[in-house]
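Residue numbers (my numbering): 1 to 248.
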Amino acid sequence: MTNQQALHEWTLTPEEAVVLQRRLAPRVVRQGKPDTVTCIAGVDIGFEDGGETTRAAVVMLEWPSLTLQESVVHREPTRMPYIPGLLSFREIPAALAAFARLASRPDLVMVDGQGIAHPRRLGVASHLGLWLDLPTLGVAKKVLCGRHGDVPATRGEWTPLTDRRRAEDPADVETDAEGRVVIGAMLRSRENVKPVIVSPGHRLDLATALEWTNACLGKTKLPEPTRLADRLASRRGRRFVEPNGSLL
DNA sequence: GCGACAG
DNA sequence: ATCTTGTCGC
1 MTNQQALHEW TLTPEEAVVL QRRLAPRVVR QGKPDTVTCI AGVDIGFEDG
51 GETTRAAVVM LEWPSLTLQE SVVHREPTRM PYIPGLLSFR EIPAALAAFA
101 RLASRPDLVM VDGQGIAHPR RLGVASHLGL WLDLPTLGVA KKVLCGRHGD
151 VPATRGEWTP LTDRRRAEDP ADVETDAEGR VVIGAMLRSR ENVKPVIVSP
201 GHRLDLATAL EWTNACLGKT KLPEPTRLAD RLASRRGRRF VEPNGSLL
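(1) For the beta strand (DSSP E) that contains His202, what are its first and last residues?
(2) Can you grab the Cα-Cα spacing for the pair Thr78 / Gln114, in whole Å?
(3) Can you tell which of Thr136, Trp131 and Arg235 has its C-alpha closest to the C-alpha of Phe289?
(4) Ignoring anything shorter than 3 residues or poking outside the segment 15 to 100, list the beta strand (DSSP E) runs there in chain order.
(5) Figure out for me which residue from Gly201, Val182, Asn214 and Glu178 has the closest Cα to the Cα of Arg190.
(6) Is the number of C-beta pairs between the segment 67 to 82 and the segment 91 to 111 that are closer than 8 Å three or more?
(7) Mark Thr54 as exposed unless 16 or more other C-beta atoms lie within 10 angstroms of its C-beta, in which case mark it buried.
(8) Along the chain, where does the alpha helix (DSSP H) containing Pro152 start, and where does it finish?
(9) Could you name the residues of the same chain whose beta carbon sits closer than 6 Å to that of Gly42, not counting the 5 residues immediately before and after it, in chain order?
(10) Taking Val143 and Ile83 to be in contact with their CB atoms under 8 Å, please state how far apart those CB atoms are, rounded to whole angstroms.
(11) Would you kindly work out how many angstroms separate the C-alpha atoms of Ile92 and Leu68, rounded to a whole number?
(12) Would you say Ser65 touches the ligand FMN, meaning its beta carbon is less than 7 Å from a heavy atom?
(13) Could you pull the start and end residues of the beta strand (DSSP E) that Ala140 belongs to?
(14) Flag this pair as yes or no: are the beta carbons of Gly138 and Ala117 separated by less than 8 Å?
(15) From what residue to what residue does the alpha helix (DSSP H) around Trp212 run?
(16) Per DSSP, which residues does Thr162 bridge with? Please list them.
(17) Residues bridged to Leu108 by DSSP?
(18) Decide if Ser199 is buried, meaning its Cβ has at least 16 other Cβ atoms within 10 Å, or exposed.
(19) Grouping DSSP H, G and I as helix and E and B as strand, with all else coil, what is Thr13?
(20) Check each candidate in Glu48, Arg30, Thr13 and Val151 and name the one with the smallest Cα separation from Leu122.
(21) Mapping the DSSP letters down to three states, classify Gly122 as helix, strand or coil.
(22) Which one or two residues does DSSP pair with Leu187 in a beta bridge?
(23) Please report the straight-line C-alpha distance between Ile65 and Cys216, rounded to a whole angstrom.
(24) Just the Cα atoms here: how many angstroms apart are Cys145 and Arg164?
(25) Rounded to whole angstroms, what is the Cα-Cα separation between Arg188 and Arg23?
(26) Is the CB-CB distance between Val37 and Asp107 below 8 Å?
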């Protein structure tokens, strides 16, 4: 099955998906910060059966204890192939289904993937935030687009990820000294380990996204919300401990 | 035209 | 993302 055919099954052609992203991107709010944070959610998607099945996981952590309050795993047939730049169309349907099963709503959502650090400023984190109407931020392990200089070696420090493209909405765009658009940050979440890419998803700015990511860092590279969602989404989450003490 | 390319 | 064991390092 070609990418073209798969997208048709989702009622969208690649071209239409791009048009939709261009239309939605201007709605993304890249400023502000969530208020009274009591619960932070982590989201990630995994696959089974060689990709036939999509597995979405959402974990709810209490702030500031970072204690697991609730978790949901949702499975459904995979309908879309992975196409760089169109990841959200492949993962969001399952993510939304998982969110629909949550007992409560989080105040902030951390997504495994890019926020506005995307060719059209609408990575999966931004897209999901727009859909859920919640503050979101993206924590990715690899760069999709943009450039950056050397990353500081000290945990918690970062260097900007920039892109020269024109701004969809010049009004709320952050730029560096050279006037290039700042779309995210290469954050050293752990010393001697490759940095993670943090970017605003929706309803918060880069500084706030970095603050919360740093605040959720434990002993590993990935912040707790994303790390736990990762374990639940991928089948290696065998050692995942539920709030009630049971295993998954 | 030739790479690059989240998960 | 996923297929996969042991192994090097803090």
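Virtual Cβ for every residue (Gly too), placed ideally from N, Cα, C.
Nothing here was measured: the structure is a model prediction, and the numbers come from that model.
So, from the listed chains and residues:
(1) Residue range Val196 to His202 is occupied by the beta strand (DSSP E) that includes His202.
(2) Each residue's alpha carbon lies about 21 Å from the other.
(3) Any property of residue 289 remains undetermined from this structure, which presents the chain solely from 1 to 248.
(4) The DSSP assignment places complete beta strand (DSSP E) segments of no fewer than 3 residues inside the segment 15 to 100 at 39 to 48, 53 to 62 and 67 to 77, in order along the chain.
(5) Nearest C-alpha to Arg190: Asn214.
(6) Touching, yes, given that three or more Cβ pairs across the two stretches are closer than 8 Å.
(7) By the neighbour-count rule (16 or more Cβ atoms within 10 Å), Thr54 is buried.
(8) Run containing Pro152: none; DSSP gives neither H nor E here.
(9) The beta carbon of Gly42 lies closer than 6 Å to those of Val59, Met110, Pro225, Thr226, Leu228 and Ala229 in the same chain, with the five residues before and after it left out.
(10) Contact doesn't hold; Cβ gap of about 17 Å is too wide.
(11) So the two alpha carbons sit approximately 23 Å from each other.
(12) Looking for the ligand FMN in the displayed structure turns up nothing, as the structure carries no ligands at all.
(13) According to the DSSP assignment, Ala140 belongs to the beta strand (DSSP E) that extends over Thr136 to Ala140.
(14) Yes, the pair counts as a contact, with Cβ atoms nearer than the cut-off.
(15) Element bounds for Trp212: Leu206 to Ala215.
(16) Bridge partners of Thr162: Arg147 and Val182.
(17) In the DSSP output, where bridge partners are listed per residue, Leu108 has Ile40.
(18) For Ser199, the number of other beta carbons within 10 angstroms of its own is at least 16, and it is reported as buried.
(19) Looking at Thr13 - three-state DSSP - the assignment turns out to be coil, as it is neither helix nor strand.
(20) Nearest neighbour of Leu122 by Cα position, chosen from Glu48, Arg30, Thr13 and Val151, turns out to be Arg30.
(21) Looking at the sequence itself, residue 122 is Leu, so the reference to Gly does not match. Residue state, collapsed to three classes: coil.
(22) Trp158 and Val196.
(23) In the sequence as displayed, the identity of residue 65 is Ser instead of Ile. Whole-angstrom Cα-Cα distance: 10 Å.
(24) Roughly 11 Å between the two C-alpha positions.
(25) Roughly 33 Å separates the two Cα atoms.
(26) A contact, by the Cβ cut-off of 8 Å.
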